[in-house]
Amino acid sequence: MARRGLRKALPALLFFTDPVRTPDPEAVAAQLPAGSGVVYRHFGAADAEARAGRLLAIARTRRLKLLIGADAALAAKIGAHGVHLPERLAHRALALKRGRPGWIVTSAAHSLAAARASRADAVVLSVAFPSKSASAGRALGPIRLAMLVRAAGRPAYALGGVNKETARRLLDAGLIGLAAVDGLRT
0 MARRGLRKAL
10 PALLFFTDPV
20 RTPDPEAVAA
30 QLPAGSGVVY
40 RHFGAADAEA
50 RAGRLLAIAR
60 TRRLKLLIGA
70 DAALAAKIGA
80 HGVHLPERLA
90 HRALALKRGR
100 PGWIVTSAAH
110 SLAAARASRA
120 DAVVLSVAFP
130 SKSASAGRAL
140 GPIRLAMLVR
150 AAGRPAYALG
160 GVNKETARRL
170 LDAGLIGLAA
180 VDGLRT
């Protein structure tokens, strides 16, 4: 059982899967450095459990953390390391953490209010830079993102348009890590 005040080891890098932009998430996961995390978002795919199982096998071999997007039941069933909640489900974070204290629970946050309200272990702030995502809104940029991180007062990742070039612009933003979808492909 986790002791109070003991922080969980959060990955410094999160790879978010996307069925269109990263159709072979196993190949990307197999190239991630040890200690990274994979957020598998299955969006109701028929093969979700099988793919999650393959990703978990890679995670174990490569010493990665596997979080399942918006599906705590699947995370529990396969023995994942936790869950990632979209902003609309962020209110479930505290109950999930209480029910599974060993899990890493992250949530999306697209505003300061959402970041402050989240009780997840960390929030994923977006959109950091212009992104190819169909749901991406106006980019925050490094200065506004850093202000949001400080005001949120909780561990935060940046997502959206993050790649090798843009990541350098976030070095002083106060983030615990970076998150990317297709910015990790080599």
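Going by numbering that gives the first Met the number 0, the first residue of the sequence shown is number 0, and it counts up by one from there.
We put the beta carbon where it would ideally sit given N, CA and C, even for glycine.
{"query": "Segments assigned alpha helix (DSSP H), at least 4 residues, entirely inside the stretch 53 to 128", "result": "71 to 77, 92 to 98, 111 to 116"}
{"query": "Span separating the alpha-carbon of Leu170 from that of Asn162", "result": "13 angstroms"}
{"query": "The stretch 20 to 33 in contact with the stretch 76 to 85 per 3-pair CB rule at 8 angstroms", "result": "no"}
{"query": "DSSP state of Val180 mapped onto helix, strand, coil", "result": "coil"}
{"query": "Cβ-Cβ separation, Leu124 to Ala155 (assumed contact under 8 angstroms), whole Å", "result": "5 angstroms"}
{"query": "The stretch 89 to 107 contacting the stretch 132 to 148, beta-carbon criterion three pairs below 8 angstroms", "result": "no"}
{"query": "Val148: first and last residue of the uninterrupted alpha helix (DSSP H) it sits in", "result": "140 to 151"}
{"query": "Gly173 versus Val180, Asp181, Thr165, Ala157, residue with shortest Cα-Cα distance", "result": "Ala157"}
{"query": "Rounded distance between the beta-carbons of Lys64 and Pro100, thought under 8 angstroms", "result": "Contact doesn't hold; Cβ gap of about 15 angstroms is too wide."}
{"query": "9 angstroms Cβ cutoff met for His80 and Gly68", "result": "no"}
{"query": "Nearest-angstrom Cβ-Cβ length linking Ala121 and Gly159, presumed shorter than 8 angstroms", "result": "So it is not a contact: roughly 16 angstroms between Cβ atoms."}
{"query": "Arg153 to Trp102 span [Cα, whole Å]", "result": "17 angstroms"}
{"query": "Those residues which DSSP pairs with Leu13 across a bridge", "result": "Gly36, Ala178"}
{"query": "Residue interval of the alpha helix (DSSP H) (run including Ala155)", "result": "From DSSP, Ala155 is part of no alpha helix (DSSP H) but of the beta strand (DSSP E) over 155 to 158."}
{"query": "Whole-angstrom C-beta distance between Ala28 and Phe14, which should lie under 8 angstroms", "result": "7 angstroms"}
{"query": "Close-in-space but distant-in-sequence residues of the same chain around Leu31 (CB under 8 angstroms, 5 per side omitted)", "result": "Leu12, Phe14, Val37, Arg61, Leu63, Leu183"}
{"query": "With 16 other Cβ atoms within 10 Å as the buried cut-off, status of Leu139", "result": "buried"}
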